[in-house]
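197 is the number that numbering that gives the first Met the number 0 gives to position 198 of the sequence shown; each next residue is one higher, with no gaps.
Glycine included, C-beta positions come from ideal geometry on N, C-alpha and C.
The structure displayed is predicted, hence computed values, not measured ones.
Here is the structure we will look at, set down as structure tokens.
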Amino acid sequence: MLLGIIPFALVLGSQATQKGFSFIEVHLFTGLNFAGGSEFAILELWTNPPIITFLVNSRHLLMGASLVPYLRHLPNKQVFPALFFMCDESWAVALEDAQKRQAQTGINHAFNLSFYTGLCFALYLMWVGFTALGGAIGPILGDASRFGFDMAFPAVFLVLLRGMWKSLHAARPGLVSLVTAALAYLYLPQGWHVPIGAVAGIASAY
0 MLLGIIPFAL
10 VLGSQATQKG
20 FSFIEVHLFT
30 GLNFAGGSEF
40 AILELWTNPP
50 IITFLVNSRH
60 LLMGASLVPY
70 LRHLPNKQVF
80 PALFFMCDES
90 WAVALEDAQK
100 RQAQTGINHA
110 FNLSFYTGLC
120 FALYLMWVGF
130 TALGGAIGPI
140 LGDASRFGFD
150 MAFPAVFLVL
160 LRGMWKSLHA
170 ARPGLVSLVT
180 AALAYLYLPQ
190 GWHVPIGAVA
200 GIASAY
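Written out as structure tokens, the structure is:
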């Protein structure tokens, strides 16, 4: 998974440089907004970055909510920093780990903060480091997507989805969310497909 991050981190850094970002700005861009999806969306539609960031990152509201049952035993001073470093990959792996631990031990609060911290630390360093590298060598690479690096992004998510697959019935909210988000992406302004897909998934779960 860590290796899979490298290609699209390089692509993002390269694209940011082509948009006029300085080397320091690339660092701040990825370090302070640790969320690959919104970063790519912002670069594509720079006219209103805060709104695009909120729309695309609205999925984090649901991701964080799904972790609440496993975080209740932790103080807020540990939970809030942990959630700042939450990304799609760390959320998926940590949630699966907590569910496995709960099934094995029967303990409700099975979230392993040390495991999660190590995972986030590695992901954060890889992401910020290689986007910075992409920014540094962007003028040399040119359009990095011509190397097929952009395919790493969906490939990583397909691997995560495969690991979380339990059954068709359990996957129903995700499938509903996927179809709804795809339709919204085709017919609505950019960014709206994320919250619309999320709401549709929640509605189908109930």
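When only Cα atoms are considered, ALA15 and LEU177 end up about 28 angstroms apart.
With respect to the C-alpha of LEU73, the residue from ALA181, PHE110, LYS99 and PHE120 having the closest C-alpha is PHE110. Under the three-state reduction of DSSP output, CYS86 falls in the coil class, being neither helix nor strand. Per the Cβ contact rule, the stretch 125-141 is in contact with the stretch 25-42 (3 or more Cβ pairs under 8 angstroms). Setting aside the 5 residues that flank it on each side, TYR69 is surrounded in the same chain by ALA97, HIS108, ALA109 and PHE110, each with a C-beta closer than 7 angstroms to its C-beta; the list follows chain order. DSSP places SER113 in the uninterrupted alpha helix (DSSP H) bounded by 112-140.
LEU27: member of the alpha helix (DSSP H) spanning 22-31, first to last residue.
By the beta-carbon neighbour count (other beta carbons within 10 angstroms, threshold 16), GLY117 is exposed. In the three-state DSSP reduction, ARG71 falls in the coil class, being neither helix nor strand. A direct Cα-Cα distance of roughly 45 angstroms separates LEU185 from THR104. Between ALA91 and ASN56, the gap from beta carbon to beta carbon reaches 7 angstroms or more.
The beta carbon of GLY137 sits closer than 8 angstroms to those of GLY12, SER13, GLN14, ALA15, THR16, GLN17 and ALA143, all from its chain and outside the five residues before and after it, given in chain order. Contact between ALA180 and VAL193 is confirmed by a C-beta separation of about 7 angstroms, below the 8 angstroms threshold.
In the three-state reduction of the DSSP assignment, LYS76 falls in the helix class. Distances from the alpha-carbon of SER21 to those of ALA135, GLN77 and ALA102 put ALA135 closest.
For GLY12, the uninterrupted alpha helix (DSSP H) run begins and ends at 1-17, by DSSP.
Look at SER176 here: in three-state DSSP terms it is helix. In the three-state DSSP reduction, PRO188 falls in the coil class, being neither helix nor strand.
Take PHE84, set aside five residues on each side of it, and the residues of its chain with a beta-carbon closer than 7 angstroms to its own are PHE33, CYS119 and TYR123, in chain order. Here the C-alpha atom of MET125 lies approximately 12 angstroms from the C-alpha atom of GLU88.
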